[in-house]
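Q:
Residue numbers (the working numbering): 4 to 543.
1. Give, in chain order, every unbroken run of the alpha helix (DSSP H) that is at least 4 residues long and sits entirely within the stretch 219-258.
2. Give the straight-line distance between the Cα atoms of residue 326 and residue 35, rounded to the nearest whole angstrom.
3. How many angstroms separate the CA atom of residue 541 from the CA atom of residue 43?
4. Along the chain, which unbroken stretches of the alpha helix (DSSP H) at least 4 residues long are found entirely within the stretch 295-343?
5. Would residue 124 and residue 149 be called neighbours here (beta carbons separated by less than 8 Å)?
6. Check whether the Cβ of residue 308 lies closer than 8 Å to any Cβ atom in chain E.
7. Just to confirm, is the Cβ distance from residue 436 to residue 396 under 8 Å?
8. When the Cα atoms are used, what is the spatial distance from residue 449 to residue 311?
9. Output yes or no for whether 8 Å exceeds the beta carbon distance between residue 432 and residue 357.
10. Tell me the rounded alpha-carbon separation between residue 78 and residue 452.
11. Give me the Cβ distance between residue 406 and residue 429, rounded to the nearest whole Å; I'm assuming they're in contact under 8 Å.
12. Throw me the rounded Cβ distance for the residue 583 and residue 427 pair, which I believe falls under 8 Å.
13. Whose C-alpha, out of 539, 130, 114 and 244, is nearest the C-alpha of residue 152?
14. Excluding sequence positions up to five away, which residues of its chain have a Cβ less than 6 Å from the Cβ of residue 314?
15. Let me check understanding here. Comparing Cα to Cα, which of 526, 235 and 263 lies closest to residue 157?
16. Please state whether DSSP places residue 4 in a helix, a strand or coil.
17. So residue 527 is in the alpha helix (DSSP H); what residue range does that whole segment cover?
18. Would you mind reading off the limits of the alpha helix (DSSP H) that contains residue 359?
19. Cα separation between residue 253 and residue 222?
20. Closest to residue 445 by C-alpha separation, out of 333, 398, 533 and 491, would be which residue?
21. Ignore the nearest five residues each way along the sequence and tell me which others in residue 14's own chain have a CB closer than 7 Å to its CB.
22. Between residue 154 and the rest of its own chain, which residues show a CB-CB distance below 8 Å, the 5 nearest in sequence each way excluded?
23. Specify, as a first and last residue, the run of the alpha helix (DSSP H) that residue 365 falls within.
24. So, with DSSP's three-state summary, where would you put residue 448?
25. Quick one: Cα of residue 212 to Cα of residue 239, how far?
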C-alpha cells in the first residue's frame, strides 16, 4: 500500500505537468530556487563547522526548530495548498487505517518542500565532518527531523480539519498569517546587524560592548532551551555527541520518539474520526440588507463599485493586501534602526502603500472567476466596469495615503519633505490604478478561487503572475519617474520649489494615467469580453 500511494503521488504529479506547461515551468523554478537555497545553507553550515562547530550547531538547532515548527503551523494558514492525496478521497476504499497512515506519511515526502528540507538537513550535518560520531548523530537527527515535519504536519492539519472547514476561521487565519511573514525581514536585518559585530574575518570575536556579546549569549541560551523541545531536539543530537554528553543524547532521542508517537496517535485518531464523519463545508456569515448596494447609486458603475467595496471588506484575498498596510511602518522602522538608516526610511511608507492599493485591482477579473459571466450576460459597458473597480480604492486610498505621508514626515522629523512626499504618493496611486485598469483587461492570470486560501498557488500561476506584475510595475515606474526625480531632489535638500513641483507633476500624472488607463482598459475589455470569460472559467 505504501508503494502504491507513492506511485499514485508520482503519477498525479506527472499528469499535472503534462496538462500545464506553466505548471511545469513553475515546478522547475521552484526546484531551482529550492536547490539554490539549500546549496547556500549547506555551504554556510560546512564553512561554519570548520570555524566553530559548537556555534554552528547552536545556529542549526535554532534554525532547524523554526523549520519543523513551520511544517506544523504553515499548513494551518495555507490550507488547500496540496490536496493531491487528501485522505477524504479514500473514504470509499477498504484500506486499513494503519496502512493508509504509513502510505500517506511516505508519500508526503514526495514534494519540493520535503525534498529541500531533507537535502538541507543531510547537507548541514556535514558541519560536524571533523567528528565522525557527531556526524553520524547529525545524519540520524536529520532523518528524525524530516519525520517530525511530515507526521506533525499531517497530525495538526487532520486534527484541526473541522476548524479549517469553517470559512470565518480561514479568513481570520489568512489575515493573521501576514504578521509573522512581514516581520521576517526586519528580524533578519536585526540579527544580521548584530552578527556583523560578533563575527569577524578570522572567526568569532567578542567586543567589549555593543550587541555582539549579547547576541552570542542570547543564541546560546535560546539553543539550550530549544534543544529540549520536540522542534529542536533532533538538531541537537550532534552537539550532545560532540560534548560527550551521552545521557543528554538519550534524553533528546526520547523527546523525539515520544513526540513522533504522540503525533502519530493524534493523526490516527483524527483520521479515524474524519473517515467516519467527514467535515461538511459551512456557509458564510448571514448578512442582512443590501450592504453597499443600498448606499451607492443604482447605476452600472454604482453596482460594480458596491460589489468591489464588498470584496475589499469581506473577501480575505483582498483583506490580505489591506492587512499589510498597517504593518509597513513597523517593518520599515525596525529595518531602518537595524541598518542605521534611522527613521528616514519611514518616508517610503506612503508611496509603497499607494502602490499596494493601486496594484490590488490589477487582476480583478481573475478574482471574479465565474461571477464575471454576469458582466457578459448583462452587456456591462467597459467604462462602468473600469470605473466601478477604481472608485472604491480612490475614495479610501487617497485619504489613507495622505494620512500616511503626514504621519511619516512627522515621525521622521522631515516636514520640509511633505509636499514632495504627497506629490509622489498620489502620483503612484493614480498611476498604479490607471495601469491596473488597463492591465487587468489584457493580462489575466490564475488566482485562488473565492473561498480558497489567499496563499494557494493555482496551476500555471507562478510565471504568469510574475510576467503580469513585472509589466505593470515597469509601466508604473516609467509614469512616475519625473515625479520621483523631483521628489528625491526635494527630499535630499533641493529648494522647496522642487517639492511643490513634485505635487503638481504628481497630481497631473495621477489624473492623466487614471483617465487614459480607464479608457484604454474599457476598450480592451469590450473587445476581449468573450476571451476574458473563457480565461477565467478555465482556471483550475
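We put the CB at the ideal spot given by N, CA and C, even for glycine.
Note that this is a predicted model, so its numbers are computed, not measured.
A: Straight from the coordinates:
1. Complete alpha helix (DSSP H) runs here, min 4: 240-245.
2. Residue 326 and residue 35 have their C-alpha atoms roughly 31 Å apart.
3. Roughly 39 Å between the two C-alpha positions.
4. Runs of the alpha helix (DSSP H) inside the stretch 295-343: 295-298, 303-317, 319-327 and 331-342.
5. Cβ distance < 8 Å, so residue 124 and residue 149 count as in contact.
6. The chain inventory of the structure shown lacks chain E, comprising one protein chain alone.
7. Closer than 8 Å, so yes.
8. When rounded, the distance between both Cα atoms is 19 Å.
9. For residue 432 and residue 357, yes; Cβs fall inside 8 Å.
10. When rounded, the distance between both Cα atoms is 18 Å.
11. Contact flag wrong, Cβ pair sits at about 12 Å.
12. Since the first residue shown for the chain is 4 and the last is 543, residue 583 is missing from the structure and cannot be characterised.
13. For the residues 539, 130, 114 and 244, the minimum Cα distance to residue 152 belongs to 114.
14. Closer than 6 Å at Cβ, skipping near neighbours: 321.
15. A check of alpha carbon separations from residue 157 across 526, 235 and 263 identifies 263 as the nearest.
16. Residue state, collapsed to three classes: coil.
17. From DSSP, the alpha helix (DSSP H) with residue 527 extends over 499-530.
18. Run containing residue 359: 352-362, per the alpha helix (DSSP H) assignment.
19. For residue 253 and residue 222, the distance between alpha carbons rounds to 23 Å.
20. If we check each option's Cα against that of residue 445, 533 comes out closest.
21. Within the same chain, no Cβ atom closer than 7 Å to the Cβ of residue 14 is found once the five residues on either side in sequence are excluded.
22. The residues are 108, 263, 266, 267 and 270.
23. Run containing residue 365: none; DSSP gives neither H nor E here.
24. Look at residue 448 here: in three-state DSSP terms it is coil, with no helix or strand label.
25. Here residue 212 scores only 39 on pLDDT, less than 50, and its place in the model should not be relied on; the value that follows carries that caveat. Taking the straight line joining both Cα atoms gives about 30 Å.
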